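Take a look at the structure below.
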Amino acid sequence: MFCLTAVGTCQEIGRGTPLTIQLDAKVPMRVGQALNGHLLHPVFQNNRLVLPEGTAVHGTVIALRTDKRRRVRGRLRGDFTPFHVPVVRFDEVVGPDGRAVKLQSGTATDGAPVYSLVAPPPSKGGFLHQEIGYAKTALKGDLEVVTGPDKGARFVAFVYSQLPYHPESIGKETAWTTEVAEPLIVGAGAGEASVEIATARGDQPAAWMLKAYLQDGLSSETSHTGSQVVALVAEPVFNPDHTIAVPQGTKLLGSVTQARPARWFARSGVLRFDFRQMELPGAKVTSVQATMKAADSGDAALALDSEGQAKPKPKDKLALPLALALLASRPLDPDGHHQDLKNAGGSNGFGIIGRVVGIAAGSAELAAGIGYYQAMLSTYDRWVAKGKRVVFPRDTRIVIETTARRGHFVPSSGR
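The sequence shown lines up with residues 1322 to 1736 when you count with my numbering.
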């Protein structure tokens, strides 16, 4: 038996254990490409830490699938790159001591940067105050494209999007959640690290913050009101005396309270769910009051409201279409000076192809038409197309605030 550490006993990480792995650096999109990443979340077994956050994981791109939706969207905008979705598999875990253990994981295709959705405090004020808040949020989201981190990477991506063809890559911090396909034997010498998680407070907390994984995927498109929702606690919670209050593997039981698919004319999907019961391993089901406080998501357009319910972020519907329409009208300005510059500014649709055609043709009407085409696409996206879906795939990491249990965990002898 091979262990990651020479200290302590070995632990077996069972089949189906979720692993969220984030890529360390940007790599080319091609079959056989090596992937170097790390665990975003620690892995516990029998309430002991066996793989800490940041553990190195290696894998490979095993296939490329056609990304039809992105191809259609790109071609409408002058980008004829044959976009793909990478299929990946991870095959090695490297421990803190540098030793490697072979890993057999399932395949994963839903790679995306992980955004942490955090529920804000309850909003104050009436309807008008809330609408102003939504508008500020939308403006802040638009400005983050320019002011947020990794501006250089976004600028390169923008330049690429203007080209008719460009190489594909898998971006830095792309993450996949996969499951252990065969039991993984690792050392449990890091057991003392799990004790540090216990918050040594003098008083019992009013609520526990439980970190869990959704057992099944949820979607505004396919889920139904009343459907059962189950989450498995991923990290144990300790009492101040270091006894276990909520063990790893505890089930949180709930249901979908509202589900409505996304509809045309930018009407976003609705998905609401909550948890009302908690089932400890080998113990009885108890009633709890629970609120989702945070969740991982691959969609930057989602947010949590103050009640812990997921919904799409408000999106500005006027500024960009109006700005594009004004630019498109510039070539038709009766002032005849600098017509080439006005044609270049107006023909801002269909990528670099549109600009070249708008300038080379020397036609104000053609340049304006290309610009209005882009304004039309922007208007369609914001006013006519289907709204955003709300999706939480299987093994989505969530944080639940629930009423604290009094006492410590003692499994019952039978059910």
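Beta carbons: idealized from backbone N, C-alpha and C, even for Gly.
Given the structure is predicted, the values throughout are model-derived calculations rather than measurements.
When the distance is taken between beta carbons, is residue j closer than 8 Å to residue i?
i	j	result
leucine 1361	alanine 1496	yes
alanine 1611	leucine 1573	yes
arginine 1584	glutamine 1630	no
leucine 1539	phenylalanine 1713	yes
valine 1507	valine 1422	yes
aspartate 1716	proline 1339	yes
histidine 1405	aspartate 1388	yes
valine 1415	threonine 1381	no
alanine 1622	lysine 1634	yes
glutamine 1354	isoleucine 1334	no
alanine 1377	valine 1352	no
Taking only the alpha-carbon atoms, compute the straight-line gap between residue i and residue j and give it to the nearest angstrom.
i	j	result
serine 1541	alanine 1696	29 Å
proline 1434	proline 1655	47 Å
leucine 1494	isoleucine 1342	For the sequence presented, residue 1494 should be read as glutamate rather than leucine. The alpha-carbon atoms of glutamate 1494 and isoleucine 1342 are separated by roughly 9 Å.
glutamate 1413	proline 1349	20 Å
aspartate 1702	methionine 1613	30 Å
valine 1501	leucine 1647	54 Å
proline 1403	glycine 1419	39 Å
alanine 1514	glycine 1670	With a pLDDT of 39 at alanine 1514, under the threshold of 50, the modelled position of this residue cannot be trusted; read the value that follows with caution. Taking the straight line joining both Cα atoms gives about 55 Å.
glycine 1708	phenylalanine 1559	42 Å
glycine 1683	glycine 1690	13 Å
leucine 1344	phenylalanine 1411	11 Å
leucine 1687	serine 1668	8 Å
serine 1699	phenylalanine 1586	13 Å
tyrosine 1481	histidine 1487	6 Å
threonine 1499	valine 1364	13 Å
arginine 1391	threonine 1564	51 Å
leucine 1370	glutamine 1332	10 Å
aspartate 1637	glutamine 1425	45 Å
glycine 1473	phenylalanine 1479	10 Å
isoleucine 1518	tryptophan 1529	Confidence is the limiting factor: at isoleucine 1518 the pLDDT is only 37, short of 50, which leaves the residue's position unreliable, though a coordinate-based value still follows. Cα-Cα distance, rounded: 13 Å.
glycine 1575	arginine 1394	38 Å
arginine 1386	aspartate 1562	52 Å
proline 1582	leucine 1535	20 Å
alanine 1521	glycine 1427	Model confidence at alanine 1521 stands at a pLDDT of 37, short of 50, so the residue's coordinates are unreliable; what they give is reported in the following sentence. Going from the Cα of alanine 1521 to the Cα of glycine 1427 covers about 38 Å.
glycine 1337	alanine 1649	54 Å
Provide the residue(s) that pair with residue i in DSSP beta bridges, ordered along the chain.
i	result
serine 1437	Asp1617
asparagine 1357	His1379
tryptophan 1497	Ile1342
phenylalanine 1713	Leu1539
leucine 1574	Val1551 and Gln1598
tyrosine 1534	Leu1553 and Arg1718
isoleucine 1623	At residue 1623 the sequence reads leucine, which differs from the isoleucine that was named. Paired residues: Pro1633.
threonine 1607	Met1599
tryptophan 1529	Thr1723
Return yes when at least one heavy atom of the ligand COA lies under 7 Å from the C-beta of residue i, else no.
i	result
valine 1422	Among the components of this structure there are no ligands whatsoever, and the ligand COA is therefore not found.
Notebook entry, point to check: Between the stretch 1563–1574 and the stretch 1601–1619, do three or more beta carbon pairs fall short of 8 Å?
Noted result: These segments touch.
Notebook entry, point to check: Would the stretch 1713–1724 and the stretch 1615–1634 be scored as touching if the rule is three or more Cβ pairs under 8 Å?
Noted result: Touching, per the Cβ criterion.
Next item on the list: Count the C-beta pairs between the stretch 1392–1402 and the stretch 1670–1683 that are closer than 8 Å, then say yes if the count reaches three, no if not.
Entry: yes
Item checked: Sequence ranges, alpha helix (DSSP H) only - wholly within the stretch 1625–1657, length at least 4 -> 1640–1650
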